[in-house]
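Okay, so here's the structure we're looking at.
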Amino acid sequence: LSLLCDFIIFVNTGWEHRVSRGKISRHWQEGEVERRERYQMSLEEKRKRSDYVIDNNFTEENTYRQINEFWQIYLGKN
């Protein structure tokens with residue numbers, strides 16, 4: 361799949377945020393995030409394979425700033 365993409369972005373989100381978002385947006389039961397993550401590539405491996413990392417553990421403004429930084433880098437290469 362990565363061969364089909366121009367770039368891969370890893371969005372780092374803490375455990376508590378992932379569980380909370382799973383419950384709220386997907387109505388997942390307790391333990392569902394853990395169950396699903398067991399069958400996926402490790403977060404560390406995903407991070408290693410990515411071209412860029414966005415840390416989504418802070419404010420929404422901070423996340424948008426990181427996204428804008430990425431686009432400036434990406435647009436500068438093209």
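Here my numbering runs 360 ahead of the position in the sequence shown, where the first position is 1.
Glycine included, every Cβ here is placed at the ideal spot set by N, Cα and C.
On a predicted model such as this, the values are computed, not experimentally measured, just so you know.
Sub-8 angstroms separation of residue i and residue j beta-carbons
i, j, result
"Tyr424", "Phe367", "no"
"Gly382", "Trp388", "yes"
"Val393", "Arg407", "no"
Close-in-space but distant-in-sequence residues of the same chain around residue i (CB under 7 angstroms, 5 per side omitted)
i, result
"Ser410", "Ile368, Ile369 and Phe370"
Residue-chain proximity (residue i, chain C), Cβ-Cβ < 8 angstroms
i, result
"Glu392", "Structure shown: chain C not included; a single protein chain is present."
Original post:
Do the stretch 404–415 and the stretch 366–381 touch if we need at least three Cβ pairs shorter than 8 angstroms?
Top reply: yes
Subject >> Within the stretch 394–437, ranges of the alpha helix (DSSP H) (whole runs, at least 4 residues) >> reply: 403–409 and 420–437
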